[in-house]
C-alpha cells in the first residue's frame, strides 16, 4: 500500500522503518518542525531514504484546514494514513482522504483514559491492566472504531517510562505493523467503542501535579509514579518545590530512622534515610521515594537530601577518555545550537526535550557496548561532566549511592582516623543482615568492644550468591577483556597501598597483629599478591592440540580456559587480609566472582577491602563479603548449588566436613588448607646463632598464629641444652605489649577462646611429663596476651607432640648425635599431615635430608638454598599458578582450516577425544590408548 506516516518521535521512526521492511511504499512523512535546529527522528530517517518530508507548523487555522497544506498532502496519493504518535490536530479533510482512511495508536485500553495523558492516568488510577489501542480515526477525540487492542499487567512500581519501555513501545510498534497488515489483507475489523466505562482526563501539567496528602499511601504512590517523569509530582518542603521520582510501596524491613523532612500539608514528616525518603499517607502506611528534583532542576538521590558536597570525581582511564569524547560528539549531534560541549554544559538548559533523552539513552547504548541507561539517569546528571562520571561509574559497576551510604564506625588511633564499614557487603552495597542481627567484634589488646558487626544469616548467603551469579553471567565482569580485568586489579592494589597504614592499623585493632609486621606482611604481601595476579589476567589461555596428522583432515583439538563461576571463600583469623588476598586475587584474575566469609572474630579488614573494591571500580556483585558463623554462612556456601568452588583455610575437622558437603551438593571444586605439625630439624654442625633465630621466627612469628609454624623442633643432642638456653634468653628479650607500639615484638592472641585453648594446651603438656622451661600462662594484664612458651623433653606419645598449638609454643625434642636426623619424624595428629619441613645444617649430604615424603610444600634451609631472609623460612611460589582449580576447560575438535573464510563458524562444543588428568597445576592430556 501507499502510506502516509503522520507523527513524530522514535516511536514514529520505528513504525516507519518496519512498514518499509514489510514492503509498503511510504509516499510521504509529515512531522513537526525542527526545534532549536534539531530535526525529529522520524523526519531524519525518512530524509535518509529519500522519502518526501513535510514539516507543517499547523494544518488548520481557526478550525479550518489550510488549503495549500491539504493540497500538498493530496498530491501524494496515499491509500492509508498511519499516525503512530502525533501531537498536531489533523483536519478531517486529511483523515478521510485515503481509500482506507486513517489509523491511530493510543496508549490505553479505549474507551478508558481518552486524552493525551493516557499513560499517566492509567497509573494514577491504579489500574491493574493497561495496554494500547489502534483505532480508526474519526472527528471525535479518541472515539473511533476499534481495530486492535493488546493488554499487559501493570506492575506495582511501574512508571510511565517503565510501562512504555517494557510494553507500549515494543509491542505498540508490532501492533501498528499488524494493523496495517490486516488492512492490506482486507481483514481489519471496525468495532464501535462502547460508552460504558469511558473516561476522559485532561493533559497533566506541572501546576496540576501537586501531591494531595489527604489520601492513603497507595494513592500517593500512584500519583507520584503516574507523573514520573513528566510533569513530575511535587510538594513544598524546606521553602522550595520538591519533585519526587522513583516511588515504591515495597518497604518491607524498612525502619523510618533518619532525619525528619517537614512537608507542607503532609500527615507526618517525611524521613530521609540511607535508602531514600520515606513518606506517609493518611493511613500511616509508608512509601519510599528514591530520587528528588530540587527547584533549580538538579536531580539527587533522596538519601542525599541533607548532604552537602558530592564525592570526588573519578579519574578516567585512557579508554574512558576516548569514550567520553565519543559521548561528547553525541551531545553535539543532539544539541546543534551549542557551539562547544563543555563539562558545565547542561543538557536541558541547552534545549533538550524528553525525546532527546530517549535519543541520548540509545546513543549511549551504541557507544558503550550496550550499556543500559534509564531515562532518569539523564535527569540525575544534567551537565556533561556529571553525565560522564555517571557513565564511568556504571561501566565500572559502581555508583555514587553505594559509596555515599556507607555507615562507618570511626575511631582515632595510631595518628589516624579509621573509617570502618561494619555491615554485610552484597551486590556492591553495604546492608544490614536479615533481621538486623549483629554481634560484637572485640579488640584483643584490652578486651573492649570495637563495634557491632552485621551477622549474616542463611538468607543473606542466598542474596550474596545470587548477586555473584548475576555479576558473573550478566554483568560487566564477564564482558570486559582480560586486560581490563587486570587493570582493575592493579587499581585495587594501588588503593590498598594508599590505605596500607589504615589497613595495618585495623589488623592490629581487630586481630592483635603487631603493626610493623602487619604493614610489611599482612598488608604488604596482600598488595603484592593482587599485583602479581593482575599480571596473569591476560596470560590465561587454552591450547591447540593436533590429534591426527593424516591428510586430508589434519584433525585437532582446541581447549579454551573459562572461569568456573561463583567461588565461596572461607578465610581464617590469623592473617585476615592476606589470606583473603591469596584466595580472592586468583579467583578474580581467572574471571570468577566471589562470596567471602571472613573469620567471625576478624571481619573489619575484609569489610574495608570491600569499600576499596568499590573505589577501584570492581563491578557490583563481583565481590561479596559476609561476616558470620561458619555453621551458618560456611555451611550454606558449601551446600549452595550455585557455588562452583570452595576455598577454605582452617581446621582439618571442618575441612573434612566441607569436602563432604561439596560432594553431596553439586560436586563443586574444593581447595583446602588445613592443620598440620611441621618439623624443624637442628643439626649439631649448624650456625647456632642462625638456628636460634630461625627457631624463634618459625615458632613465634605473628604470635605463633602461623600455618607454616614449626610445630615441633628436633635438636641434635650435643647442642640441645645450649640451643634451649639461647632460645630462653631471646624469649626474655621479647617485648609483650600494645601491637601499635613500634617496639612491640609480641602482641595479644587473636581472641579469648584461642587464648584459653593455649592455656589448656600447656597444662596438658605439663601433665603428660614435658618440661615447661618458660611461659605457659596468660600474661597478667588486660587483653588476650599469652607468654611465649618453651617445652623440652617432649616425647612422641604426648598430645603436644602431635597436636598443633597455633600459638607461641615451642616444642623441642632431642635426637642422638651422628644419626643424620631423627629416625622418624611424626607428622602430627594421627601422623597424617605436615605443612612443610625445614632443616638447619652446613652439611649438603643426602644423609641430612630425612625422608619426609608426605610434605605438601617442602623446602630446606641451609647451604642448598641459602639462609632465609631475617631467619624466616619461605616457600617459593609455584612457577605457574594452579589456575586449573579456578577454570573450566572447554574442548573442541574439528578440522584445521589453513585459510579460514570470514563466515567460518566457531566449532560447536563437544566432548574431548582424550581424557584429562590434573596434576600439580598442569593439565596433562594422555592418549586414549593409555
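Residue numbers (my numbering): 433 to 1362.
Heads up, the beta-carbon is just placed ideally off N, CA and C, and yes, glycines get one too.
Selection 613, 542, 551 evaluated against residue 575 yields 542 as nearest (Cα-Cα). Residue 491 and residue 522 do touch by the CB rule: their CB atoms are close to 6 Å apart, below 8 Å. Around the Cβ of residue 1008, a 10 Å sphere holds 16 or more other Cβ atoms; the residue is buried. In its chain, beyond the 5 residues on either side, 563, 564, 603, 607 have a beta carbon closer than 7 Å to the beta carbon of residue 582. Assigned with DSSP and collapsed to three states, residue 505 falls in helix.
Contact between the region 676-685 and the region 714-724 is established, with three or more Cβ pairs separated by less than 8 Å. By the 16-neighbour rule on beta-carbons within 10 angstroms, residue 1228 is exposed.
For the pair residue 995 and residue 1096, the Cα-to-Cα distance works out to about 22 Å. Within the DSSP secondary-structure output, residue 497 pairs in a beta bridge with 492. Excluding residues up to 5 positions away in sequence, 702, 721, 734 lie with their Cβ nearer than 6 Å to the Cβ of residue 709 in the same chain. A distance of 8 Å or more separates the beta carbons of residue 1209 and residue 1199. Cβ-Cβ separation between residue 938 and residue 850: approximately 6 Å, consistent with a contact (criterion under 8 Å).
Under the criterion of beta carbons closer than 8 Å, residue 1172 and residue 964 do not qualify as touching, at roughly 29 Å.
Burial check for residue 1004: the Cβ neighbour count within 10 Å reaches 16 or more, so the residue is buried. Across the set 557, 1023, 516, the C-alpha of 557 shows the shortest separation from the C-alpha of residue 648. DSSP, read as helix, strand or coil, puts residue 1098 in helix.
In the DSSP assignment, residue 714 falls outside any alpha helix (DSSP H), carrying neither H nor E.
Going by beta carbons, residue 970 and residue 923 fall outside the 8 Å limit. Using a 10 angstroms sphere on the CB of residue 1201, the tally of other CB atoms stays under 16, which defines it as exposed. One Cα belongs to residue 878, the other to residue 975, and the distance between them is close to 56 Å. For residue 520, the three-state secondary structure derived from DSSP is coil. Cα atoms of residue 586 and residue 595: separation of roughly 7 Å, rounded to the nearest angstrom. Beta-bridge analysis with DSSP links residue 978 to 988. When C-alpha distances from residue 706 are compared across 443, 1156, 739, the shortest belongs to 739.
Secondary structure note for residue 563: it is in no alpha helix (DSSP H), and the uninterrupted beta strand (DSSP E) holding it is 561-568.
Taking C-beta atoms as the reference points, residue 635 and residue 572 fail to come closer than 8 Å. Taking C-beta separations shorter than 6 Å and ignoring five residues to either side along the sequence, the partners of residue 1207 in its chain run 1219, 1220, 1221, following chain order. One alpha carbon belongs to residue 631, the other to residue 661, and they sit about 23 Å apart. In the three-state DSSP reduction, residue 854 falls in the coil class, being neither helix nor strand.
Note that the region 875-893 does not touch the region 903-911; fewer than 3 beta-carbon pairs, one per stretch, sit closer than 8 Å.
With a minimum length of 3 residues, the unbroken runs of beta strand (DSSP E) contained wholly in the region 577-665 fall at 578-585.
For residue 994, the three-state secondary structure derived from DSSP is strand.
Counting C-beta atoms within 10 angstroms of its own C-beta, residue 672 has fewer than 16 neighbours from the protein chains shown and is therefore classed as exposed. Selection 1037, 802, 781 evaluated against residue 852 yields 1037 as nearest (Cα-Cα). Sequence-distant Cβ neighbours of residue 447 in its own chain, meaning closer than 6 Å and more than five residues away, are 516, 605, 608. Between the beta-carbon of residue 1053 and that of residue 1029 there is about 16 Å, and that puts the pair past the 8 Å contact cut.
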